[in-house]
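Residues 71 to 309, numbered by my numbering, are exactly what the sequence shown covers, in order.
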Amino acid sequence: MAGHSKWANIQHRKGRQDEKRGKVWTRVIREIMVSARAGGPDLGTNPRLRLAVEKAKAANMPADTIKRNIDKATGQLEGMSYEEIRYEGYGIAGAAIIVDTMTDNKVRTVAEVRHAFSKHGGNLGTEGSVSFQFKHCGLMLFAPGTSEDRVMECALEAGADDVIVSPDGVVEVLTSPQDFESVRNALQAAGLTPELAEVTFRADNAIELNEDDAIKMQKILDALEELDDVQEVYHNALL
């Protein structure tokens, strides 16, 4: 983390996401289409679609735009067909990177991902080369000063897998992907609203980079995140 606290790192990440709001609609629409195609258009029985629609609403996407893209995905309207492809690779100092994409042209996508890695000192790996270093889980983060005892009691009672408190006071709640919604809803009902809540890939062990390597690593991540077909980038570097 190059001397930064976990909380500073979270705020930095949110700031970078805010800078890229122009691409949020495109990425959310793809997530809506893929999740609707995979699990059907019913929000009540398709939790992945439910989360995608929540993201769309948070990004101020109109309801008719959401519905139109669900209809496209389920064959009620003509639209593009997207395929999910995950790439794995290495950044600076062997840092592990997972890149989730949605694409209508995987030849184009793999070429762009490979170029982003190689141009900035990374390497595209093979399937399974780094994913074993991450856990697929639900993650909720609470700001320093949040009552650790209240979060822990409520989260564990609702079925969370673990609650971790960082040295700077950030409280992390970990769940299975399946229990994410129910645990988050229980916490919110108790008046505990997380700063960040998502189903993600969390690194088992993070690696700390020196200042120069952190700058180089950030260039790889920026290059990947700028690609139109990239949905999410996960890594185990502390920046």
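All C-beta atoms, glycine included, are put in the ideal place defined by N, C-alpha and C.
Closest to residue i by C-alpha separation, out of the options, would be which residue?
i, options, result
"I140", "A230, R107, I155, M131", "R107"
"G110", "D134, G145, P132", "G145"
"D283", "V94, R97, G191, G159", "G191"
"V269", "E158, E278, D249, N280", "D249"
"G161", "E242, G114, L194, C224", "L194"
"L266", "K125, T115, V94", "K125"
"R156", "M131, V183, K127", "V183"
"Q258", "V235, A166, V233, V221", "V221"
"E218", "I234, V180, A260", "I234"
"T196", "I167, V177, N175", "I167"
"H206", "L291, P237, T245", "T245"
"E281", "A133, K176, T115, A163", "A163"
"L291", "D238, A260, S188", "S188"
Looking only at its own chain, which residues have a Cβ that is under 6 Å from the Cβ of residue i, when we skip the five neighbours before and after it?
i, result
"G73", "Residue placement at G73 is flagged as unreliable, the pLDDT there being 39, under the threshold of 50; the coordinate-derived value follows with that caveat. Within the same chain, G73 has no close Cβ partners at all."
"L294", "V169, A186, V300, V303"
"K289", "H190"
"F204", "F271, A273"
"A213", "E265"
"L226", "none"
"L121", "none"
"A143", "M103, A106, R107"
Which residues in the same chain have their Cβ closer than 7 Å to the Cβ of residue i, if we skip the five residues on either side of it in sequence?
i, result
"P117", "E251"
"R97", "Q301"
How big is the Cα-Cα spacing for residue i and residue j?
i, j, result
"L308", "V240", "15 Å"
"I99", "K137", "10 Å"
"A129", "W95", "7 Å"
"A165", "V123", "32 Å"
"L297", "D232", "34 Å"
"A310", "V200", "In the structure as shown, the chain starts at 71 and stops at 309, and residue 310 therefore has no counterpart that could be examined."
"V177", "K93", "22 Å"
"A260", "A133", "29 Å"
"F202", "M131", "35 Å"
"K127", "N175", "28 Å"
Could you tell me how far apart the beta carbons of residue i and residue j are, in whole angstroms, since I believe they sit closer than 8 Å?
i, j, result
"G229", "V253", "6 Å"
"V104", "E154", "6 Å"
"M210", "V243", "4 Å"
Given a cut-off of 8 Å, decide if residue j and residue i are closer than it, judged by their beta-carbon atoms.
i, j, result
"I102", "L113", "no"
"C224", "L262", "yes"
"Y152", "T173", "yes"
"P247", "G198", "no"
"A276", "N306", "yes"
Can you list, in chain order, the residues of its chain with a C-beta nearer than 8 Å to that of residue i? Leave out the 5 residues immediately preceding and following it.
i, result
"T171", "E154, I155, R156, Y157, T179, V183, L297, D299, V300, Q301"
"T115", "G109"
"I285", "none"
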